[in-house]
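Under UniProt numbering, think of the first position of the sequence shown as 1, with each following residue one higher.
For each residue, glycine too, the CB sits at the ideal point set by N, CA and C.
The model shown is predicted, which means the values in this text are computed figures rather than measured ones.
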Amino acid sequence: MVSITVQLNFDYALSFRFFLLWQPLVETGARSQITYLDGQYAYLTSCLTPAINTNKQIIGYYLFVFDITERRLLEQSLQAANAELEQLVTLDSLTQVANRRKFDDYLEQEWRRSLRNQRSLALIMFDIDSFKRYNDFYGHQVGDICLIKIAQAVQATVHRATDLVARYGGEEFAVILPDTDLAGAIVVAKQIQQAVKALEIPHACSDASSAIVSISLGVASVTPTNAETAKQLIARADRALYAAKQQGRDQYAFATD
């Protein structure tokens with residue numbers, strides 16, 4: 001670490017004004033980045049310390065400047081590594097949407113926020129119709145490609161930054177919609193259904209009316225209370241999903257309880 005010390009001398013009045021102007025630098029110091037003429041750069045940290053004589057008068061200031069480039073670059077490297085690690089533990093490695101761990105954490109977070117603010121929280125659960133037959137007929141590699149395409153199509157359909165698309169497990173996915181009532185969630189469910197159909201992925205073994213990959217969706221929305229938990233919202237959406245399958249697949253159903 002390289003340091004530079006400069007003594008700044010002023011008369012008392014100027015020193016007082018100088019102190020007021022640079023008080024934040026005196027109290028906490030400051031970081032800055034400088035660029036040399038050759039394009040290289042350095043990170044510096046600086047602070048001011050008053051010089052006081054035996055009469056306890058400020059007679060000047062010492063400016064301390066330290067080169068912290070190496071430390072700053074190490075911090076940036078660690079931040080990048082932490083961000084990459086965070087992605088690894090929260091993203092599904094195949095589909096690149098949120099994984100089950102992220103889903104569980106985010107649903108609990110939004111449940112608490114919705115409970116506190118008394119706002120609606122919606123959940124859509126959906127899975128791919130007859131996906132086991134699809135895998136058996138086309139092979140698991142093609143099945144993986146199908147999962148990726150559907151996940152990315154749904155991710156592109158759900159636009160708000162607060163919404164979350166997650167792979168819940170296997171061929172089942174979930175979409176968390178904060179601040180969304182049942183009517184709004186149904187609109188999103190229809191958009192998701194159409195986005196998947198628009199992919200026109202062939203499915204020769206489908207139970208649905210068309211010969212392309214389709215999905216069944218369960219929709220639920222609640223305003224949380226202290227008497228309920230986020231797991232009950234999942235249960236509602238899951239029951240609605242089961243109802244959609246029982247009614248013939250390739251459709252959505254919504255929870256009424």
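For residue i, does the three-state DSSP call read helix, strand or coil?
i: Gly39; result: coil
i: Leu21; result: With a pLDDT of only 49 at Leu21, under 50, the local geometry of the prediction cannot be trusted, and the value read off the model is given with reservation. Correct three-state label for Leu21: helix.
i: Gln247; result: coil
i: Ile201; result: coil
i: Gly218; result: strand
i: Gln118; result: coil
i: Gln33; result: strand
i: Ala174; result: strand
i: Arg167; result: strand
i: Gly241; result: In the sequence as displayed, the identity of residue 241 is Leu instead of Gly. Here Leu241 sits in helix by DSSP.
i: Val142; result: helix
i: Asp181; result: coil
i: Leu78; result: helix
i: Ala235; result: helix
i: Asp104; result: helix
May I ask you to list the residues that DSSP assigns as paired with residue i?
i: Gln57; result: In the DSSP output, where bridge partners are listed per residue, Gln57 has none listed.
i: Tyr252; result: Leu217
Check this for me: beta carbons of residue i and residue j, under 8 Å apart or not?
i: Phe131; j: Ala151; result: no
i: Val158; j: Val175; result: yes
i: Gly218; j: Ala240; result: yes
i: Ile124; j: Ile192; result: yes
i: Tyr168; j: Phe103; result: yes
i: Asn99; j: Leu107; result: no
i: Asp144; j: Leu94; result: yes
i: Lys197; j: Ile212; result: yes
i: Leu199; j: Ala122; result: no
i: Tyr41; j: Ile68; result: no
Hey, residue i and residue j are a contact pair by Cβ (cut 8 Å); roughly how many whole angstroms apart?
i: Asp136; j: Ser216; result: Contact doesn't hold; Cβ gap of about 19 Å is too wide.
i: Ser221; j: Thr180; result: 6 Å
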